[in-house]
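Novice: In this note's numbering, each number is its position in the sequence shown, counted from 1, plus 23. Idealized CB from N, CA, C, for every residue including glycine. These figures come from a predicted structure and were not determined experimentally. To start, I am sharing the structure in question, which I have written as structure tokens.
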Amino acid sequence: METEIPIPCELEVTIIRESIIKASYSLPNPQIITLSNLDLLSGRFPVTYLYFYRKAAIDNFAPIVESLKGSLAETLNYFYPFAGQIIQNPETNEPEIVCNNNGAVIVEAQANIPLKKLNFYNFDEYFQGKLVSVNPDIPLQIQVTNYTCGGVSLTFTFDHALGDASSFGKFLLSWSEISQLKPVTCVPDHQRKLKSRCPPTYHPSLDETFMKCTIQEIINMPPNNILLKRLYYIDAATINKLQTLASANGKQRTKIEAFSAYIWKIMVNAIEKNHEKCKMGWLVDGRRRIDQNAMSNYIGNVLSLAVAESSVVKLKQSSISDVASNIHEAILKVTNKEHFLDLIDWVECHRPGLMLPKTVLGQGGPTLVLSSGRRFPITELDFGFGSPTLGTVCSTIERIGVGYMNQRESAKGDGSWTVSTILWPKLATALESDCVLQPMSASHLQL
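Written as structure tokens, this is what we have:
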């Protein structure tokens with residue numbers, strides 16, 4: 024199959040206006056939410072979700088924006104921390120959320136081209152400064168962009184201190200339900216009740232994955248060329264084929280394990296020859312591991328990182344099924360309650376200050392981290408003008424020490440995926456020379 028590389032079309036976006044949207048019902052007194060240890064570990068940086076919608080039945084852009092403003096104000100009644108401010112506590116020297124209904128921001132914008140002319144493959148061409156504006160003083164920002172075809176894009180940018188993908192997915196789904204006048208299915212839990220044990224104790228292996236760091240260490244991160252932000256499509260038949268290959272040794276592997284094994288074997292041929300080893304990592308949500316029932320609607324960060332390391336020689340010689348088995352074992356080590364309790368205690372022993380996975384700072388050799396968004400809402404996000412044709416996650420981060428991939432179901436609902444990435448050039452070239460990942464195009468989105 025010949026891969027279609029989209030022809031770039033210059034996108035210009037004009038900002039029409041910005042509006043502050045407050046919850047329609049304020050708390051009687053501002054409430055302060057102390058961040059949990061896992062919030063502190065996740066840090067503070069913008070997380071952006073990007074959704075595209077075909078031409079709506081509503082011809083005028085203005086009613087769409089006004090409807091979004093009204094439903095957002097009601098949604099913030101349930102998710103009131105998202106309308107607050109994140110400030111540094113001078114006594115603890117740690118951030119906290121002040122729930123004072125300062126408000127979220129909605130930016131209205133107009134694009135100069137139709138959706139089908141966008142280069143969906145190359146985020147670098149149109150993302151930051153055009154479809155996303157980031158103000159670090161506003162924890163929640165939304166940009167609504169109108170296209171000449173009548174299509175619309177929505178970008179939702181959250182401060183990571185507000186929560187993780189599970190939290191943001193529940194917020195967006197609730198907003199969608201309110202927009203459609205449906206009952207809200209999530210009663211959010213804002214208690215941030217993940218406390219350390221007394222005395223705190225943890226397995227020493229956590230010191231191999233995480234570290235306390237300074238802002239200078241982040242600024243002085245070793246230089247790298249991990250800078251290409253790309254979006255890919257992978258069809259369901261290819262995913263199923265990879266899973267069959269990964270399960271060839273008689274052990275059934277998940278689609279994520281199979282895809283990871285494929286990516287790792289490609290990656291090993293796209294690193295500098297002086298490296299004898301390389302790593303992969305996987306973000307893991309701890310809600311089901313800590314308490315599946317009590318934490319189903321927990322709003323905040325409950326993430327850890329599983330890491331596997333292998334020699335270049337072994338990866339080249341191993342089958343996809345053998346690599347998938349190693350991946351399975353690595354993920355298994357963190358998908359349990361004890362690991363997350365240990366991680367909470369690890370943070371307690373290293374407070375206050377910045378803490379990060381070592382790989383994020385570029386330590387420990389070439390690494391690629393994969394995050395699965397298979398439970399994140401895509402087609403469900405109908406705000407009154409139809410379901411999206413594309414939903415994905417993006418990043419405005421300019422420097423990062425690891426390659427990154429985020430997988431999620433495509434809006435087609437046929438088992439295909441979209442994969443958002445931050446890659447170094449040699450890896451992007453290696454991936455695109457194969458036929459598994461296809462550069463995203465308007466034709467994939469049926470525009």
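Please name the residue or residues paired with Glu41 in a DSSP beta bridge.
Specialist: Per DSSP, Val130.
Novice: Which residue or residues does DSSP assign as beta-bridge partners of Met16?
Specialist: An answer regarding residue 16 cannot be provided, because it is not within the stretch 24 to 470 covered by the chain.
Novice: May I ask you to report which of helix, strand or coil DSSP gives Gln266?
Specialist: helix
Novice: For Arg475, which residues in the same chain have their Cβ closer than 8 Å to its Cβ, ignoring the five residues on either side in sequence?
Specialist: The structure shown has nothing for residue 475, since the chain only spans 24 to 470.
Novice: Going by CA-CA distance only, name the one from Phe150, Val357 and Pro211 that's closest to Leu185.
Specialist: Pro211
Novice: Quick one: residues in its chain with C-beta nearer than 8 Å to the C-beta of Asn16, no 5 flanking neighbours on either side, listed in chain order?
Specialist: No statement about residue 16 is possible, as the shown extent of the chain runs from 24 to 470 and does not include it.
Novice: Spatial neighbours of Met234 within its chain, please: C-beta separation below 6 Å, excluding the five flanking residues on both sides.
Specialist: So the qualifying residues of the chain are Lys381.
Novice: Count the CB pairs spanning the segment 405-422 and the segment 143-156 that are closer than 8 Å, and state whether there are at least three.
Specialist: yes
Novice: What do you reckon, are the CB atoms on Ile56 and Ile136 nearer than 9 Å?
Specialist: Inclusion of Ile56 and Ile136 in the CB contact set at 9 Å is not warranted, their separation being larger than that value.
Novice: With Trp305 and Leu393 assumed to form a contact (beta carbons below 8 Å), what rounded beta-carbon distance in angstroms separates them?
Specialist: 5 Å
Novice: Considering just the uninterrupted stretch of the alpha helix (DSSP H) at Gln340, what are its terminal residues?
Specialist: Val335 to Gln340
Novice: Tell me the DSSP bridge mates of Thr415?
Specialist: Leu73
Novice: Check each candidate in Glu361, Trp447 and Val383 and name the one with the smallest Cα separation from Thr224.
Specialist: Glu361
Novice: When the distance is taken between beta carbons, is Val70 closer than 9 Å to Asp160?
Specialist: No, the pair does not count as a contact, with Cβ atoms beyond the cut-off.
Novice: Taking contact to mean 3 or more Cβ pairs, one atom from each stretch, closer than 8 Å, check whether the segment 263-275 and the segment 340-347 are in contact.
Specialist: yes
Novice: Can you tell me whether Gly126 is buried or exposed? The criterion is at least 16 other CB atoms within 10 Å of its CB, across all chains shown.
Specialist: buried
Novice: Starting from Thr444, follow its DSSP beta bridges and name the residues at the other end.
Specialist: Arg253 and Met428
Novice: Cα-Cα, which of Asn263, Leu460 and Glu403 is closest to Ala434?
Specialist: Glu403
Novice: Excluding the five sequence neighbours on either side, which residues of its own chain have a C-beta within less than 6 Å of the C-beta of Ser42, listed in chain order?
Specialist: Ile129
Novice: Under 9 Å, do Met463 and Tyr256 count as touching if we go by C-beta distance?
Specialist: yes
Novice: Taking Cβ positions, are Phe84 and Asn169 nearer each other than 9 Å?
Specialist: Yes. Within cutoff.
Novice: In the DSSP assignment, what are the bridge partners of Ser394?
Specialist: Asn429
Novice: Which class does Lys175 belong to by DSSP, given the choice of helix, strand or coil?
Specialist: Looking at the sequence itself, residue 175 is Val, so the reference to Lys does not match. Val175: strand per DSSP, three-state reduction.
Novice: For a test of the three-state rule: what should DSSP assign to Ser327, helix, strand or coil?
Specialist: strand
Novice: Select from Leu217, Gln430, Ile401 and Leu63 the residue whose C-alpha is nearest the C-alpha of Val317.
Specialist: The question names Val, but residue 317 in the sequence shown is Ala. Residue Leu217 is the option with its Cα nearest to Ala317.
Novice: For the segment 285-321, which segments carrying the alpha helix (DSSP H) assignment without a break, of at least 4 residues, lie completely within its bounds, in sequence order?
Specialist: 310-314
Novice: Indicate the three-state DSSP secondary structure (helix, strand or coil) for Pro223 in the structure shown.
Specialist: coil
Novice: Can you check which of these residues, Ser90, Ser439 and Ile289, is closest to Gly396 by C-alpha distance?
Specialist: Gly396 has its Cα closest to that of Ser439, out of Ser90, Ser439 and Ile289.
Novice: Does the beta-carbon of Glu25 have 16 or more other beta-carbons within 10 angstroms, so that it is buried, or is it exposed?
Specialist: Only weak support is given to the placement of Glu25: the predicted model assigns it a pLDDT of 45, under 50, and the question is left unresolved by the model.
Novice: Alpha carbon to alpha carbon, what distance is there between Ile423 and Thr178?
Specialist: Using only the alpha carbons, I get a separation of about 22 Å.
Novice: Please report the straight-line C-alpha distance between Cys236 and Ile87, rounded to a whole angstrom.
Specialist: 45 Å
Novice: So Met303 packs on Ala260, CB below 8 Å; how close in whole Å?
Specialist: At roughly 24 Å, the Cβ-Cβ gap does not stay under 8 Å, so Met303 and Ala260 are not in contact.
Novice: What residue range is occupied by the uninterrupted alpha helix (DSSP H) comprising Val370?
Specialist: Where Val370 is concerned, the enclosing alpha helix (DSSP H) stretches over Lys360 to His373.
Novice: Would you mind working out which of Pro104, Gln108 and Ser176 sits nearest Lys139, comparing C-alpha positions?
Specialist: Ser176
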